[in-house]
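And the structure:
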């Protein structure tokens, strides 16, 4: 990710300015604007297209706790680790309740896919795999600040999820039984976002570090966007999945 | 990359059988079949679309000697390293002649782009970047045998390059001055492919290793294919480059 050279004498952004810059990245680049989501929310996707989305996005969902475990492993601060490990629990679940991965599988099952087919990841688009792997690579190899800042997309996810749940119930009522994943995220995501935003605000101690944080959020938006581009290309227009990937069943 | 479980008692493939399996991967998955290349060879791409291709593919081209240096760094055999280092020289050049990267820049310049714009990689599609980075990750983290086998796409490149040069001269005569990259590859690629094929044939010593080699070639084909999918999606149909990426200039 190319980042503009920052004059070290340039002034730090105030917390308010930093937050405004981060929010602008979200407005411009978060995937709530992606044409695939627009079609979804207008009720224009077929069951097969929703299957393709659920199956491919499973690769992302199932790697979220891996990503968070990498971040955990890079922190030398027990307090940070205690706060962050919640994310691993949220997605992997515990003895009392299913986690986000299990709930995503149930969503995929509600589209008509079998659990085994989803979990195998055999039919995931290579481009989706590369984008998700790029996310793991980012949190592993960039600075710790950038790794944490890349999670700030959670700042924007609550609104998207609320809209999505509303439109899914309206346009795809047969999917309504599979929406528990989103219900849980309505509370989890804002809590995670608050923590991460406060942490980044406190730990970006130079203007250059603030700019790196903003660039990391942009990079994460690109990763989400690229997944939907690949799904759109393969399953909407022109509709050409690459050799070996999931194909929508002909009716 | 999911690979079918191999029964360890299953018989080794003969060299002829192994080569036939590898060739079949090429027939089914190599990017000579990709719709973007078909349009290119039919003369149906605009100058702007060729610019998008040259600019994006530069990210791949410029990482080839990095990929080969990773492979060099993983070999403990001076004889192998002496043979393989030719690839780094071919792409990086020497005092006597320009290498493949420089020749690719000249091709991009022939499409009307400036050298600086190409080299900066600022406008490369994120999806192209993820695919190329997945290639570096493959040669870094998979077995050495798989790293070498992933280069076997060279087995198929001579035919594609010969066809491309012919069609480019026919359909895009204004590009003819920029084809030196391909001229050089006509001899380099088959020589590289012969060495790698012989090495893989000798060093895949179980059926499971033979299957891993075949899967590595398939994985590399997916990486090439995904780059063209991203270019097609952004610059042909529907023609939606993601935020921040290269945009074709309106005439």
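Protein chains in written order, with this note's numbering: chain A, 27 to 277; chain B, 27 to 277. For each residue, glycine too, the CB sits at the ideal point set by N, CA and C. All of these numbers come straight from a predicted model, not from anything done at the bench.
With contact counted as at least three CB pairs below 8 Å, one residue from each stretch, are the stretch 81–98 of chain B and the stretch 122–135 of chain B in contact?
Judged by pairs of C-beta atoms under 8 Å, the stretch 81–98 of chain B touches the stretch 122–135 of chain B, as three or more such pairs exist.
Establish whether the CB of residue 264(A) and some CB of chain B are separated by less than 8 Å.
The count along the first chain starts at 1 and reaches residue 264(A) at position 238. It does: the Cβ of residue 264(A) has a partner Cβ on chain B nearer than 8 Å.
Residues in the stretch 40–71 of chain B with C-beta within 8 Å of chain A's C-beta atoms, listed in sequence order?
Identification of residues in the stretch 40–71 of chain B having a C-beta nearer than 8 Å to some C-beta of chain A yields 54, 55, 61, given in sequence order.
Kindly indicate the opening and closing residues of the alpha helix (DSSP H) around residue 143(A).
Taking the first chain and counting its residues from 1, one reaches residue 143(A) at position 117. Looking at the DSSP string, the run of the alpha helix (DSSP H) that includes residue 143(A) is 141–146.
What do you get for residue 271(B), buried or exposed, if any count of 16 or more other CB atoms within 10 angstroms of its CB means buried?
For this step, residue 271(B) is matched to residue 245 along the second chain. Classification for residue 271(B): buried.
Close-in-space but distant-in-sequence residues of the same chain around residue 166(A) (CB under 6 Å, 5 per side omitted):
Your numbering for residue 166(A) matches position 140 in the first chain. 96, listed in sequence order.
Can you pull the chain A residues whose beta carbon is under 9 Å from the beta carbon of residue 256(B), in chain order?
Residue numbering aside, residue 256(B) sits at position 230 when the second chain is read from its first letter. Residues of chain A with a Cβ closer than 9 Å to the Cβ of residue 256(B) are, in chain order, 153, 252, 255, 256, 259.
So for residue 28(A), helix, strand or coil by DSSP?
The sequence position of residue 28(A) within the first chain is 2, counting from 1. Unreliable placement is indicated for residue 28(A), whose pLDDT of 44 sits below 50; the coordinate value is still reported in the next sentence. Three-state result, residue 28(A): coil.
Go through the stretch 122–203 of chain A residue by residue and report every complete run of the alpha helix (DSSP H) that reaches 4 residues or more, in order.
Within the stretch 122–203 of chain A, the complete alpha helix (DSSP H) segments of 4 residues or longer fall at 126–136, 141–146, 152–167, 170–175, 180–197, listed in chain order.
Which residue from 243(A), 42(A), 225(A) puts its Cα closest to that of residue 101(A)?
For the purposes of this step, residue 101(A) is identified with residue 75 of the first chain, where counting begins at 1. Residue 101(A) has its Cα closest to that of 225(A), out of 243(A), 42(A), 225(A).
Chain-ordered chain B contacts of residue 157(A) [CB-CB under 8 Å]
Stepping through the first chain from its first residue, residue 157(A) is reached at position 131. The contacting residues are 152, 153, 156.
Segment limits, alpha helix (DSSP H) that includes residue 228(A)
By 1-based counting over the first chain, the position of residue 228(A) is 202. Going by DSSP, residue 228(A) is part of the alpha helix (DSSP H) stretching over 206–229.
Cutting at 6 Å between CB atoms, please list the residues of its own chain near residue 172(A), excluding the five before and the five after it.
The residue you call residue 172(A) lines up with position 146 of the first chain. The residues are 238, 242.
Can you tell me whether residue 176(B) is buried or exposed, with buried defined as 16 or more other CB within 10 angstroms of its CB?
For the purposes of this step, residue 176(B) is taken as residue 150 along the second chain, with counting starting at 1. Classification of residue 176(B): buried, given that the 10 Å Cβ count is 16 or more.
Applying a beta-carbon distance threshold of less than 7 Å, which residues of chain B neighbour residue 210(A)?
As a position in the first chain, residue 210(A) is number 184, starting the count at 1. Neighbourhood of residue 210(A) in chain B, by CB distance below 7 Å: empty, with the nearest CB roughly 29 Å away.
At a Cβ threshold of 8 Å, is residue 241(A) touching chain B?
Here residue 241(A) is taken as the residue at index 215 of the first chain, counted from 1. Answer no: the Cβ-Cβ gap between residue 241(A) and chain B never drops below 8 Å.
Using 10 angstroms around the beta-carbon of residue 209(B), count the other beta-carbons present and answer buried if the total reaches 16, otherwise exposed.
Sequence index remark: in the second chain, residue 209(B) carries index 183 (1-based). Under this definition residue 209(B) is an exposed residue.
Would you report the Cα separation of residue 55(B) and residue 64(A), rounded to the nearest angstrom?
As a first step, residue 55(B) is located in the second chain; it is residue number 29 there, counting from the start. As a first step, residue 64(A) is located in the first chain; it is residue number 38 there, counting from the start. Distance between the alpha carbons of residue 55(B) and residue 64(A): 32 Å.
Any beta carbon from chain A within less than 8 Å of residue 176(B)'s own beta carbon?
Locating residue 176(B) in the second chain gives position 150, where the first residue counts as 1. So no, residue 176(B) is outside the interface.
Is residue 44(A) closer than 8 Å to residue 196(A) when the C-beta atoms are compared?
Taking the first chain and counting its residues from 1, the one referred to as residue 196(A) is at position 170. Taking the first chain and counting its residues from 1, the one referred to as residue 44(A) is at position 18. Here residue 196(A) is not near residue 44(A), since their CB atoms are 8 Å or more apart.
Which runs of the alpha helix (DSSP H), 4 residues or longer, sit entirely within the stretch 59–135 of chain A?
Taken in chain order, the complete alpha helix (DSSP H) segments of 4 residues or longer contained in the stretch 59–135 of chain A are 61–67, 73–100, 104–118.
Among 215(A), 152(A), 144(A), which has the Cα closest to the Cα of residue 116(A)?
Against the first chain, residue 116(A) aligns to sequence position 90. Nearest in C-alpha terms to residue 116(A), of all of 215(A), 152(A), 144(A), is 215(A).
Any contact of the stretch 243–260 of chain A with the stretch 259–269 of chain B, i.e. 3+ C-beta pairs under 8 Å?
Result yes; three or more Cβ-Cβ pairs closer than 8 Å.
Do the CB positions of residue 80(A) and residue 140(A) come within less than 8 Å of each other?
On the first chain, residue 80(A) is found 54 positions in, with the first residue counted as 1. On the first chain, residue 140(A) is found 114 positions in, with the first residue counted as 1. No, these two residues do not count as a Cβ contact at 8 Å.
Does residue 200(B) pass the burial test, meaning 16 or more other C-beta atoms within 10 Å, or should it be called exposed?
If you number the second chain from 1, residue 200(B) lands on position 174. With fewer than 16 other beta carbons inside 10 angstroms of its own, residue 200(B) counts as exposed.
Among 161(A), 119(A), 207(A), 68(A), which residue has its Cα nearest to the Cα of residue 251(A)?
Counting from 1 along the first chain, the entry for residue 251(A) is found at position 225. Considering only alpha carbons, the answer is 161(A).
Can you tell me where the alpha helix (DSSP H) with residue 41(A) in it begins and where it stops?
Reading the first chain from its first residue, position 15 is the one you call residue 41(A). For residue 41(A), the uninterrupted alpha helix (DSSP H) segment begins and ends at 41–55.
Applying the criterion that 16 or more other CB atoms from any shown protein chain within 10 Å of the CB defines a buried residue, is residue 29(B) buried or exposed?
The count along the second chain starts at 1 and reaches residue 29(B) at position 3. With a pLDDT of only 49 at residue 29(B), under 50, the local geometry of the prediction cannot be trusted, and the value read off the model is given with reservation. Exposed is the call here.
May I ask you to report which of helix, strand or coil DSSP gives residue 234(B)?
As a working mapping, residue 234(B) is identified with position 208 in the second chain. If DSSP states are grouped into helix, strand and coil, residue 234(B) belongs with the helices.
Quick check: the Cα distance between residue 62(A) and residue 154(A), rounded to an integer number of angstroms?
Numbered from its first residue, the first chain carries residue 62(A) at position 36. Numbered from its first residue, the first chain carries residue 154(A) at position 128. Each residue's alpha carbon lies about 14 Å from the other.
Can you round the beta-carbon distance between residue 78(A) and residue 156(B) to whole angstroms, since I take them to be within the 8 Å contact cut?
Here residue 78(A) refers to the residue found at position 52 when the first chain is read from its first residue. Here residue 156(B) refers to the residue found at position 130 when the second chain is read from its first residue. Wrong, their Cβ atoms sit about 19 Å apart, outside the cutoff.
Would you tell me roughly how many angstroms separate the C-alpha atoms of residue 113(A) and residue 234(B), rounded to the nearest one?
On the first chain, position 87 is the one that residue 113(A) refers to. On the second chain, position 208 is the one that residue 234(B) refers to. Cα to Cα, the separation comes out at about 38 Å.
Backbone CA spacing between residue 27(A) and residue 109(B) [nearest angstrom]
The residue labelled residue 27(A) in the question sits at position 1 within the first chain. The residue labelled residue 109(B) in the question sits at position 83 within the second chain. Per-residue confidence for residue 27(A) stands at a pLDDT of 39, beneath the threshold of 50, marking its modelled position as unreliable; the derived number appears in the next sentence. Just so you know, the alpha carbons of residue 27(A) and residue 109(B) end up roughly 34 Å apart.
Apply the 10 Å Cβ neighbour rule to residue 222(B) and answer buried if 16 or more other Cβ atoms are within range, or exposed otherwise.
Position 196 of the second chain, counted from the first residue, corresponds to residue 222(B). Under this definition residue 222(B) is a buried residue.
Pull up the CB-CB distance for residue 169(A) and residue 38(A), whole angstroms please, since I reckon it's below 8 Å.
Against the first chain, residue 169(A) aligns to sequence position 143. Against the first chain, residue 38(A) aligns to sequence position 12. 17 Å between Cβ atoms; not a contact.
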